[in-house]
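**Q**
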Amino acid sequence: MSEKRQFPRFELKAPIKFKVPTQKMDISMASIKNISGGGLCLLVNQKVAFGQMLQVEFVLPHDKTNVIAMCEVVWVDVLGEESEGGYKYQLGIKFVEIDKQQQKAINRFVVHRLKARVREELQQVLPAQKESRRQKILVVDDDKVTLGMVKEVFSDEFDVITAHDGHEGIEKAREWRPDIILLDIIMPDMDGFSTLMLLKDIEETRDIPVMMFSVVREKSKIFQAIRDGAQDFILKPFTPENLLVKIRKTLYNQ
Numbered sequence: 203m204s205e206k207r208q209f210p211r212f213e214l215k216a217p218i219k220f221k222v223p224t225q226k227m228d229i230s231m232a233s234i235k236n237i238s239g240g241g242l243c244l245l246v247n248q249k250v251a252f253g254q255m256l257q258v259e260f261v262l263p264h265d266k267t268n269v270i271a272m273c274e275v276v277w278v279d280v281l282g283e284e285s286e287g288g289y290k291y292q293l294g295i296k297f298v299e300i301d302k303q304q305q306k307a308i309n310r311f312v313v314h315r316l317k318a319r320v321r322e323e324l325q326q327v328l329p330a331q332k333e334s335r336r337q338k339i340l341v342v343d344d345d346k347v348t349l350g351m352v353k354e355v356f357s358d359e360f361d362v363i364t365a366h367d368g369h370e371g372i373e374k375a376r377e378w379r380p381d382i383i384l385l386d387i388i389m390p391d392m393d394g395f396s397t398l399m400l401l402k403d404i405e406e407t408r409d410i411p412v413m414m415f416s417v418v419r420e421k422s423k424i425f426q427a428i429r430d431g432a433q434d435f436i437l438k439p440f441t442p443e444n445l446l447v448k449i450r451k452t453l454y455n456q
């Protein structure tokens with residue numbers, strides 16, 4: 203899995219001040235592009251080597267706790283001359299050593315901001331297109347991380363139902379009649395394509411829109427998903443924002 207897209211990320215609108223003591227770099231809040239539960243993405247002027255270890259210090263918004271973490275530079279991009287703020291490099295740093303309580307605080311902050319982003323995005327939907335009831339999302343995936351992320355971030359706005367394999371997914375689809383099904387392709391025992399075919403064969407579930415997702419980047423797999431009846435397709439790893447755009451497009455026809 204690409205380190206660059208391993209963790210959910212979002213652009214920050216609140217100030218975070220941090221510094222890299224070992225490099226004597228004081229980096230302004232404007233240089234932080236986004237943050238995730240597993241690390242930071244920074245915009246900097248000073249070149250930093252891939253694989254380099256950095257000690258970073260920063261304070262989360264509305265929290266006086268000073269977070270100190272040992273990090274590894276896991277990717278570096280050279281930015282163009284017209285980059286935001288005139289910065290020369292964008293780099294991702296992954297937390298390697300961090301206090302457990304501080305990590306929990308970061309995770310809470312990330313989830314809080316992602317939930318706020320979901321609410322903000324949904325408010326852009328025209329009122330006439332909104333349903334009066336809470337809509338249901340069924341997520342079928344053997345990956346506990348994906349199930350946990352979708353449930354935690356989207357549960358304030360949707361009823362999120364999870365299933366760990368295709369068999370369980372079909373049973374829950376028949377029982378709950380969700381408004382949309384998110385279905386992983388690669389699963390043990392019964393893969394996503396087999397699950398999709400059964401969903402389309404069952405009268406109670408055949409009209410439920412299905413969005414498939416997978417780490418598989420072969421165009422043939424994407425074409426197969428659409429051909430077999432999937433409404434849309436999204437590649438893993440995805441951000442909650444990108445997933446929300448796909449869900450909103452399907453549910454509200456945007």
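Numbering follows this note's numbering, in which position 54 of the sequence shown is assigned residue number 256; successive positions increment by one, without gaps.
For glycine and all other residues, C-beta sits at the position ideal for the given N, C-alpha and C.
Do residue 387 and residue 394 have their C-beta atoms within less than 8 angstroms of each other?
**A** On the sequence shown, residue 387 is found 185 positions in, with the first residue counted as 1. On the sequence shown, residue 394 is found 192 positions in, with the first residue counted as 1. Yes, they are a contact pair.
**Q** Spatial neighbours of residue 343 within its chain, please: CB distance less than 6 angstroms, with the 5 preceding and 5 following residues excluded, ordered by chain position.
**A** Reading the sequence shown from its first residue, position 141 is the one you call residue 343. Counting only Cβ-Cβ distances below 6 angstroms, and skipping sequence neighbours, we find 349 and 386.
**Q** Give the straight-line distance between the Cα atoms of residue 407 and residue 433, rounded to the nearest whole angstrom.
**A** Position 205 of the sequence shown holds residue 407. Position 231 of the sequence shown holds residue 433. Taking the straight line from one Cα to the other gives about 14 angstroms.
**Q** Touching or not, the stretch 370-381 and the stretch 414-423, by the rule of three or more beta carbon pairs under 8 angstroms?
**A** no
**Q** Output the distance between the C-alpha atoms of residue 443 and residue 339, rounded to the nearest integer angstrom.
**A** On the sequence shown, position 241 is the one that residue 443 refers to. On the sequence shown, position 137 is the one that residue 339 refers to. Spanning the two alpha carbons is a distance of roughly 16 angstroms.
**Q** Going straight from the alpha carbon of residue 273 to that of residue 392, what length do you get?
**A** The count along the sequence shown starts at 1 and reaches residue 273 at position 71. The count along the sequence shown starts at 1 and reaches residue 392 at position 190. Each residue's Cα considered, the two are about 39 angstroms apart.
**Q** Quick test of your reading: residue 320 and residue 355, contact by CB under 8 angstroms. State the CB separation rounded to the nearest angstrom.
**A** Here residue 320 corresponds to residue number 118 of the sequence shown, with the count starting at 1. Here residue 355 corresponds to residue number 153 of the sequence shown, with the count starting at 1. With 8 angstroms as the limit, residue 320 and residue 355 qualify as a contact, their Cβ atoms being about 6 angstroms apart.
**Q** Just curious, the beta strand (DSSP E) that residue 292 is in, first and last residue?
**A** As a first step, residue 292 is located in the sequence shown; it is residue number 90 there, counting from the start. Taken as a continuous stretch (DSSP letters only), the beta strand (DSSP E) holding residue 292 covers 291-300.
**Q** Among all the DSSP beta bridges, which residues are the ones paired with residue 460?
**A** The structure shown does not extend to residue 460, since the chain is modelled only from 203 through 456, so no value can be given for it.
**Q** Mind reading off the beta-carbon distance from residue 258 to residue 295? Whole number of angstroms is fine, and I expect it under 8 angstroms.
**A** For this step, residue 258 is matched to residue 56 along the sequence shown. For this step, residue 295 is matched to residue 93 along the sequence shown. About 7 angstroms; that satisfies the 8 angstroms criterion.
**Q** Quick one: grab the DSSP three-state call for residue 416.
**A** Counting from one through the sequence shown, the residue named residue 416 turns up at place 214. Strand, per DSSP.
**Q** Compute the Euclidean distance between the alpha carbons of residue 213 and residue 276, then round it to the nearest angstrom.
**A** On the sequence shown, position 11 is the one that residue 213 refers to. On the sequence shown, position 74 is the one that residue 276 refers to. The pLDDT assigned to residue 213 is 46, lower than 50, so where the model puts this residue is not dependable; a value taken from the coordinates is nonetheless given after this. Spanning the two alpha carbons is a distance of roughly 19 angstroms.
**Q** Express the C-alpha separation of residue 358 and residue 200 in angstroms, rounding to a whole number.
**A** Because residue 200 is not part of the residues shown, which for the chain are 203 to 456, the question remains open.
**Q** Are there any heavy atoms of the ligand SAH lying less than 7 angstroms away from the beta-carbon of residue 271, as far as the coordinates show?
**A** Ligands are entirely absent from the displayed structure, and the ligand SAH is therefore not among its contents.
**Q** Helix, strand or coil: how does DSSP classify residue 269 here?
**A** What you label residue 269 is simply residue 67 of the sequence shown in a count that begins at 1. In this structure, residue 269 counts as strand in the three-state DSSP scheme.
**Q** Below 8 angstroms CB to CB, which residues in the same chain sit around residue 252 once its five sequence neighbours on both sides are set aside?
**A** Indexing the sequence shown from 1 puts residue 252 at position 50. So the list reads 275, 276, 277 and 278, once near-sequence residues are dropped.
**Q** Compare the beta carbon distance of residue 337 and residue 453 with 8 angstroms and say whether it is the shorter of the two.
**A** Here residue 337 refers to the residue found at position 135 when the sequence shown is read from its first residue. Here residue 453 refers to the residue found at position 251 when the sequence shown is read from its first residue. Yes; because the gap between Cβ atoms is below 8 angstroms, this pair is in contact.
**Q** Name the DSSP bridge partner or partners of residue 279?
**A** Residue 279 sits at position 77 when you count from the first residue of the sequence shown. Looking at the DSSP assignment, residue 279 forms a beta bridge with 292.
**Q** Can you name, in chain order, every residue of its own chain whose Cβ lies under 7 angstroms from the Cβ of residue 397, other than the five neighbours on each side?
**A** Here residue 397 corresponds to residue number 195 of the sequence shown, with the count starting at 1. Cβ within range, chain order: 342, 368, 371, 372 and 385.
**Q** Can the beta-carbon of residue 353 be found closer than 8 angstroms to that of residue 362?
**A** If you number the sequence shown from 1, residue 353 lands on position 151. If you number the sequence shown from 1, residue 362 lands on position 160. Yes, the Cβ-Cβ distance between residue 353 and residue 362 is below 8 angstroms.
**Q** Give me whichever residues DSSP pairs with residue 349 in a beta bridge.
**A** Locating residue 349 in the sequence shown gives position 147, where the first residue counts as 1. Beta-bridge pairing by DSSP links residue 349 to no other residue.
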